[in-house]
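Novice:
Number of protein chains: 4
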Amino acid sequence: MQTSRKPIIGVMGGGTVGQEVEKSAFEFGALVAENGWILLNGGRDAGVMRASAMGAKSKGGLVIGILPGFQKTQANPFIDIPIITGMGDARNVINVLSSDVVVACPGGAGTMSEIAFALKNKKPVILLNFDVRPFFIGYDLLFVSTPVQCIDVIKSCILKN
Amino acid sequence: MQTSRKPIIGVMGGGTVGQEVEKSAFEFGALVAENGWILLNGGRDAGVMRASAMGAKSKGGLVIGILPGFQKTQANPFIDIPIITGMGDARNVINVLSSDVVVACPGGAGTMSEIAFALKNKKPVILLNFDVRPFFIGYDLLFVSTPVQCIDVIKSCILKN
Amino acid sequence: MQTSRKPIIGVMGGGTVGQEVEKSAFEFGALVAENGWILLNGGRDAGVMRASAMGAKSKGGLVIGILPGFQKTQANPFIDIPIITGMGDARNVINVLSSDVVVACPGGAGTMSEIAFALKNKKPVILLNFDVRPFFIGYDLLFVSTPVQCIDVIKSCILKN
Amino acid sequence: MQTSRKPIIGVMGGGTVGQEVEKSAFEFGALVAENGWILLNGGRDAGVMRASAMGAKSKGGLVIGILPGFQKTQANPFIDIPIITGMGDARNVINVLSSDVVVACPGGAGTMSEIAFALKNKKPVILLNFDVRPFFIGYDLLFVSTPVQCIDVIKSCILKN
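Chains as they are written, first to last, in the numbering used here: chain A, 1 to 161; chain B, 1001 to 1161; chain C, 2001 to 2161; chain D, 3001 to 3161.
Here is the structure:
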C-alpha cells in the first residue's frame, strides 16, 4: 500500500525566452514524462514554465507548479497540481528543495537564484544550454546541450542517489 | 492536451491524536480517493497526516505532503509527492492556500493556525469532529461529525466554486 | 563593543478593532518604550499595529514592523524599521519567532494564528483582554486585563529567561 | 511623533571568506554607521555577516540580522535586532526586500541568490570587489573597489530615491 515515489525533476528557466529555448523545454518536458518522472516547475503561464509543462502533458505526464502568488488562476493550463505559496520569490527555494534533480534552462535572475539555491543545498544541477559554469567556481555543475543528453545525465544522477 | 485539474482536499489535524481520530482520518482519506480527488496534508509520519494519507493510498489516491523540514525522509510512506519547504511552520500557509477545501480534524496549535489562515483567506473550512466554532465568531465554519458527512459538504463546496 | 540586546516585545492584534482596544494598545506601546524594550508588530497602518507603534514612538521607543507585502509604503508612519517579507500571512511566523514575549490583543484569525504559532514554539504568550484560553486547552496562556498588568507579567517572563 | 526612517543598507557576502574580504566588510560596516544608516545582514556568526556587523557596532551603529534558523543564539554578538525567520534560505528574499540598497561582498551561492533577488526586485545593487557583472547581462549592476567608493555610490542611490 506504500507508495513507490517517482523522481521529481525540477525545470527552471525564464518566463521570457526565445522560441528555441521554449522548443527545447517542450521536448525536455515530453522526455521527462516518457521516462515516468514527475515534472516540477514554477507554474506560471510563460516561457520555460509553460513550455516544459506542455511538453510533459503531451505525453500524459504529471506536472506540479509551485506558484509565487495567491491564486490558482496564475497557473498555466498544463499544471496538474498547483501549489500556492503566496510567498513571491521565496517559492524558488521550494522549487529546488522539492526536486531530486534540478535542470536549468536559460533564464534571468530568478533562474540564477534557483541554481544558487540548488548548489547551496547540494542538489544535482544540470545546465541545459545555459552555461553559467564560469560563475559558480568550485561548485559541481553539469552542462548538456540537448534534451536527450539531459535525460541521460538525469538517469545517472538518479542511479547514484 | 490541457489538464483538467482535480480538486485538492487539504486535511489538517494533529501529529499526536487518539485512535478514534486516526481511524476517522483514515476513513476520510479513503473517501477522498474514491471520489477522485487529490489529498494534501502536512506530510509528516504522525497522527492525522499519516492516517489520512494511508487511507487515500488504500484506495489508490494521489497524496501530496507539504513538509516543514529540509528532507524528503521526513515524509510518511504514503506521500506520493513530497513538497519540501524548509520553512517550518510557515508551510502551514501553503497547506491552506493550495487546498480547494480545508478539512480540520482534531489537533493542537498547528491545526488552529491552519484554520485561522484558511478563514483569513476565505477558503471553505469543514471541521470534522473538531468543534472550534465558538472561537471564530463571525467566520463561516462548517461542522460535521462523520467522514461521510464531510464528503457531502465538500461536494456542495466544490459545486459552488 | 558587543551589543547588549534589548528584549523584543511582540504585539499581535487585529487590523480592525474598537476604540477601547486601540487605546489599550497605545498605552501598552508607550509602556514598552518606557521600559527600554523594543516593540515589534505586523507593521501595517491599521488597528493594533498602528496604535501600539504610535504609543511606543510617543515615548521615543524603537519599533519594528514585519510586513506581509512587498512595499515599505505599507508600513504605518510609526515603524522605524520595516522588514519587508513579501510572504503574506507566512510573516506571522516571523513575528512570533522574533519576539521574546508575545502579547495578544483582541483580533481575528490572523491574531489566532500568531497565538497558535507562539504556543507551538513555546514562547511566553500574554493575552491582553483577549481571552482565548478555553480555545487552547493544555497550553500555558497568561491573561491580563490592563497594559500595566501586562508589563508586570513581561518583567517576570524576562527575568525567568 | 512620526518616525523619520533611516536608510537600511543590506550587506550580503559569504560566511567563509578571506581576511581581506572581512577587513573590507568591517570598514564598510563602520562607514555605514558613521553615515547614520542602519546595517542589515544575514546575522550569522561568520564571514561578512560578522565582520560588517562588528564594524558598524565599532561606530555605535544599529545592526539588524535576518536569521535562517529558529534560535536567536545563531546571531553574532554584534546584532542588535535578530529577526528569526525559521525559513532557511528563503530568508535571503527578506534580506533583499528590506534593504534600500544592496551591497554584495564576495560570497558563494547564497550571495549569488541575493544579488539575483535584488535585481529581480529592482533594488540598487553595488558590488564591493565582487565582480559578477558578466553573469547578469542586461541588468544594472554597479561595481566599486573600496568601502569609501561604495558609500559614495550609496549616497547617490539614496538621493535618487
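Idealized CB from N, CA, C, for every residue including glycine.
Note that the coordinates shown come from a computational prediction; the quantities given were computed from them, not determined experimentally.
#1: What's the C-alpha gap between THR82/A and VAL1148/B?
#2: Which full runs of the beta strand (DSSP E) of 3+ residues lie inside the region 2106 to 2153 of chain C, going along the chain?
#3: Please classify GLY1036/B as buried or exposed, where buried requires at least 16 neighbouring CB atoms within 10 angstroms.
#4: Helix, strand or coil for GLY1060/B per DSSP?
#5: Is the beta carbon of ALA51/A less than 8 Å from the beta carbon of GLU22/A?
#6: In its own chain, which residues sit with a C-beta less than 8 Å from the C-beta of ASP3089/D, not counting the 5 before and 5 after it?
#7: Determine the extent of the beta strand (DSSP E) in which GLY1036/B is found, giving its start and end residues.
#8: Taking Cβ positions, are GLY10/A and SER98/A nearer each other than 8 Å?
#9: When you compare only the Cα positions, how much space is there between MET1087/B and MET3087/D?
#10: Relative to the alpha-carbon of CYS1150/B, which residue among ARG1133/B, CYS1105/B, GLN1019/B, LYS1160/B has its alpha-carbon at the smallest distance?
#11: By the 10 Å Cβ neighbour count, where 16 or more other Cβ atoms means buried, how is SER1156/B classified, buried or exposed?
#12: Do the CB positions of ASP45/A and VAL63/A come within less than 8 Å of each other?
#13: Buried or exposed for LEU1141/B, please, with buried defined as at least 16 other CB atoms from any protein chain shown within 10 angstroms of its CB.
#14: Quick check on LEU1159/B: buried or exposed, where buried means 16 or more other Cβ atoms within 10 Å of its Cβ?
#15: Between PHE1136/B, PHE1117/B, LYS1122/B, PHE1143/B, which lies nearest to LEU1128/B when the distance is taken from Cα to Cα?
#16: Using the beta-carbon count (16 or more within 10 Å), is ASP1131/B buried or exposed?
#17: Determine which residues share a DSSP beta bridge with VAL1011/B and list them.
#18: Does the beta-carbon of LYS2122/C have 16 or more other beta-carbons within 10 angstroms, so that it is buried, or is it exposed?
#19: Within 10 angstroms of the Cβ of PRO134/A, are there 16 or more other Cβ atoms? Answer buried if so, exposed if not.
#20: If the criterion is Cβ atoms closer than 8 Å, does the pair LYS3059/D and ALA3033/D meet it?
#21: So, under 8 Å CB-CB, ILE2126/C and ILE2154/C are touching, yes? Tell me the CB distance rounded to an integer number of Å.
#22: Say the cut is 7 Å; is the CB of ALA2056/C nearer than that to a heavy atom of the ligand FAD?
#23: Any Cβ of chain D within less than 8 Å of the Cβ of GLY1047/B?
#24: Run down chain C in chain order and give the residues with a C-beta less than 9 Å from the C-beta of ALA90/A.
#25: Measure from the C-beta of PHE26/A to each C-beta in chain C and report whether the shortest distance is under 8 Å.
#26: Mind listing the chain C neighbours of VAL3093/D? Cutoff is C-beta to C-beta under 7 Å, in chain order.
#27: Classify SER2090/C as helix, strand or coil using the three-state DSSP reduction.
#28: For TYR2139/C, which residues from the same chain have a beta carbon less than 6 Å from its beta carbon, with the 5 sequence-adjacent residues on both sides left out?
#29: Between which two residues does the beta strand (DSSP E) carrying ILE2081/C extend?
#30: Does any CB atom of chain D fall closer than 8 Å to the CB of ARG2005/C?
#31: Once DSSP output is grouped into helix, strand and coil, what is the label at GLY3065/D?
#32: Can a CB atom of chain D be found closer than 8 Å to the CB of VAL109/A?
#33: Going by DSSP in three states, ALA2051/C sits in which element: helix, strand or coil?
#34: Taking C-alpha atoms, which residue in ARG2091/C, ILE2066/C, ILE2094/C, VAL2103/C lies nearest to GLY2043/C?
#35: Please state if the CB of ASN1095/B and the CB of LEU1040/B are separated by a distance shorter than 8 Å.
Specialist: According to the data block:
#1: The sequence as given places Pro at residue 82/A; Thr does not occur at that position. One Cα belongs to PRO82/A, the other to VAL1148/B, and the distance between them is close to 27 Å.
#2: Scanning the region 2106 to 2153 of chain C for uninterrupted beta strand (DSSP E) segments of 3 residues or longer gives 2125 to 2128, 2142 to 2144, listed from N- to C-terminal end.
#3: Around the beta carbon of GLY1036/B, fewer than 16 other beta carbons sit within 10 angstroms, so the residue counts as exposed.
#4: In the structure shown, GLY1060/B sits in coil (DSSP, three-state: anything other than H, G, I, E or B).
#5: Result yes, Cβ atoms of ALA51/A and GLU22/A sit closer than 8 Å.
#6: Once the five neighbours on either side are set aside, the close Cβ partners of ASP3089/D are PRO3068, GLY3110, SER3113.
#7: GLY1036/B -> no beta strand (DSSP E), and no H or E assigned at all.
#8: In this structure, GLY10/A sits near SER98/A, with a CB-CB distance shorter than 8 Å.
#9: Straight-line Cα distance between these residues: approximately 4 Å.
#10: Minimum Cα distance to CYS1150/B is reached at CYS1105/B.
#11: Label assigned to SER1156/B: exposed.
#12: Their beta carbons are not under 8 Å apart, which means ASP45/A does not touch VAL63/A by this criterion.
#13: Result: buried.
#14: LEU1159/B comes out exposed.
#15: Per the Cα distances, PHE1143/B.
#16: Classification of ASP1131/B: exposed, given that the 10 Å Cβ count is below 16.
#17: Answer by DSSP bridge pairing, in chain order: VAL1103/B.
#18: Exposed, since its Cβ has fewer than 16 Cβ neighbours within 10 Å.
#19: By the 10 Å Cβ count, PRO134/A comes out exposed.
#20: Yes, the pair counts as a contact, with Cβ atoms nearer than the cut-off.
#21: Right, the Cβ-Cβ distance comes to about 7 Å (below 8 Å), so this counts as a contact.
#22: Looking at this structure, you won't find the ligand FAD or any other ligand, since it has none at all.
#23: No, because no Cβ of chain D sits closer than 8 Å to the Cβ of GLY1047/B.
#24: Residues of chain C passing the Cβ test: THR2085, GLY2086, MET2087, ALA2090.
#25: No, its Cβ sits nowhere closer than 8 Å to a Cβ of chain C.
#26: Those are GLY2086, listed as they occur along chain C.
#27: In the sequence as presented, Ser is not what sits at residue 2090/C; that position holds Ala. If DSSP states are grouped into helix, strand and coil, ALA2090/C belongs with the helices.
#28: The beta carbon of TYR2139/C sits closer than 6 Å to the beta carbons of LEU2119 from its chain, once the five residues preceding and following it are set aside; these are given in chain order.
#29: Taken as a continuous stretch (DSSP letters only), the beta strand (DSSP E) holding ILE2081/C covers 2081 to 2084.
#30: Any Cβ of chain D closer than 8 Å to the Cβ of ARG2005/C would place that residue at the interface, and such an atom is present.
#31: The three-state reading of DSSP puts GLY3065/D in strand, counting E and B together.
#32: For the sequence presented, residue 109/A should be read as Ala rather than Val. Chain D has a Cβ within less than 8 Å of the Cβ of ALA109/A.
#33: In the three-state reduction of the DSSP assignment, ALA2051/C falls in the helix class, which pools H, G and I.
#34: Comparing Cα positions, the closest option is ILE2066/C.
#35: Yes, the pair counts as a contact, with Cβ atoms nearer than the cut-off.
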